[in-house]
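Colleague: So the mapping is simple: the working numbering equals the position in the sequence shown, first residue as 1, plus 7. Ideal Cβ positions, reconstructed from N, Cα and C, are used throughout, including at glycine.
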Amino acid sequence: MCEALAMGRGGAWVFMAGAALGVCLEALAEWLLRRRREVRVREVLFFPSRVTCVEGLLAAAREDGGKGLRLAPCLCSLPHEESELSRLLARLLSARRSLELCIFAFSCPQLSCAILLLQRRGVRVRVVTDADYMAVKGSQIGILRKAGIQVRHDQESGYMHHKFAIIDKRLLLTGSLNWTTQAIQHNRENVMIVEDAKYVKLFLEEFERLWEDYNPVNYIFFKEKEVPKETNNNPGTERKFNK
Numbered sequence: 008m009c010e011a012l013a014m015g016r017g018g019a020w021v022f023m024a025g026a027a028l029g030v031c032l033e034a035l036a037e038w039l040l041r042r043r044r045e046v047r048v049r050e051v052l053f054f055p056s057r058v059t060c061v062e063g064l065l066a067a068a069r070e071d072g073g074k075g076l077r078l079a080p081c082l083c084s085l086p087h088e089e090s091e092l093s094r095l096l097a098r099l100l101s102a103r104r105s106l107e108l109c110i111f112a113f114s115c116p117q118l119s120c121a122i123l124l125l126q127r128r129g130v131r132v133r134v135v136t137d138a139d140y141m142a143v144k145g146s147q148i149g150i151l152r153k154a155g156i157q158v159r160h161d162q163e164s165g166y167m168h169h170k171f172a173i174i175d176k177r178l179l180l181t182g183s184l185n186w187t188t189q190a191i192q193h194n195r196e197n198v199m200i201v202e203d204a205k206y207v208k209l210f211l212e213e214f215e216r217l218w219e220d221y222n223p224v225n226y227i228f229f230k231e232k233e234v235p236k237e238t239n240n241n242p243g244t245e246r247k248f249n250k
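(1) May I have the straight-line CA-CA distance separating H160 from T136, to the nearest angstrom?
(2) Near Y206, which residues of its chain fall below 7 Å by C-beta distance, leaving aside the five closest residues on each side in sequence?
(3) Looking only at its own chain, which residues have a Cβ that is under 7 Å from the Cβ of V201, when we skip the five neighbours before and after it?
(4) Shortest alpha-carbon distance to E62 belongs to which of F53, R195, K144, S119?
(5) Let me make sure I understand the geometry here. Which of S56, L124, E107 has the alpha-carbon closest to that of A66?
(6) Quick one: give me the first and last residue of the alpha helix (DSSP H) that V207 is part of.
(7) Alpha carbon to alpha carbon, what distance is there between E91 and G155?
(8) On a CA-only basis, which of Y226, W186, D139, R177 is nearest P55? Give me that one, please.
(9) Ends of the beta strand (DSSP E) at I173?
(10) Per the contact definition of three or more C-beta pairs closer than 8 Å, is the segment 95-106 in contact with the segment 157-177?
(11) So, is S84 buried or exposed, given that buried needs 16 or more other C-beta atoms within 10 angstroms?
(12) What's the call for Q147, buried or exposed, on a 16-neighbour Cβ count within 10 Å?
(13) Taking only the alpha-carbon atoms, compute the straight-line gap between E33 and K208 and give it to the nearest angstrom.
(14) Tell me whether G63 sits in a helix, a strand or coil according to DSSP, three-state version.
(15) Residues bridged to N194 by DSSP?
(16) Between M199, H87, A102, which has its C-alpha nearest K170's C-alpha?
(17) Put T136 into one of helix, strand or coil per three-state DSSP.
(18) Taking the alpha helix (DSSP H) that G145 belongs to, which residues open and close that run?
(19) In the structure shown, what three-state DSSP assignment does C31 receive?
(20) Using 10 angstroms around the beta-carbon of K35, count the other beta-carbons present and answer buried if the total reaches 16, otherwise exposed.
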């Protein structure tokens, strides 16, 4: 009887230990999940950016495909330190699979160079931009197109005024910044960088909407011709035209 009682108590202890272990594992899993959420990217860049050399960053991306993003030596007289522009470039160069870019004005040669490097690396790059501003002097859109990058533009009276990018369908860059040297070096601008599936999904849906809306097969190159219509059968009567 004593042995049975002892075995019963031992079984109870085993049960309690198992339950405690289960609670601990559950708490550990919750902590790990919370920790994972905490390390998601949340960053804000405020412009104007300090003028620094970014050639080392771009050279490193050319050499190793952007894996290390180490700063290669450069002998120019500009400061060789981190800046808002270099941080933005580093985020772009982190792309491995895809980049969706929706930008109003794009004339910054350093950002254009980063996009070209991504395309050469095999990253799928798609660009949506504004028809008027893609034609201004200094625009990089023509350079991207010549390199084989897919570009679509609006065909509307208003502006395509978005400024956002989506990296690998997981990282969102959005804010007030146009990708121009003027905006980067002189304007008060911001770029928010977030890794949030909910917001990435919303912006990706908007990009896909515009991508379809701006499909060249939907372009109307010539307005419908006005068809004359006589007001009556009397000769010499003036004609009205359908509007």
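Modeller: This is what the structure gives:
(1) Straight across, the Cα-Cα distance linking H160 with T136 is about 5 Å.
(2) So the list reads L179, once near-sequence residues are dropped.
(3) So the qualifying residues of the chain are V48, R49, L179.
(4) Distance from the Cα of E62 is smallest, within the candidate group F53, R195, K144, S119, for S119.
(5) Here the closest residue by C-alpha is L124.
(6) First-last of the alpha helix (DSSP H) with V207: 204-220.
(7) In a straight line, the C-alpha of G155 is about 28 Å away from that of E91.
(8) The shortest Cα separation from P55 among Y226, W186, D139, R177 belongs to W186.
(9) It spans 170-174 - the beta strand (DSSP E) in which I173 sits, taken as one unbroken run.
(10) Proximity of the segment 157-177 to the segment 95-106 meets the contact definition, three or more beta-carbon pairs being nearer than 8 Å.
(11) When all chains shown are included, S84 counts as exposed.
(12) When all chains shown are included, Q147 counts as buried.
(13) Each residue's alpha carbon lies about 30 Å from the other.
(14) G63: helix per DSSP, three-state reduction.
(15) DSSP lists no partner for N194.
(16) Comparing Cα-Cα distances from K170 to each of M199, H87, A102, the minimum goes to M199.
(17) Here T136 sits in strand by DSSP.
(18) Run containing G145: none; DSSP gives neither H nor E here.
(19) Residue state for C31 is assigned as helix, using DSSP reduced to three classes.
(20) One point to set straight first is that residue 35 is Leu, not Lys, in the sequence displayed. With fewer than 16 Cβ atoms within 10 Å of its Cβ, L35 is classed as exposed.
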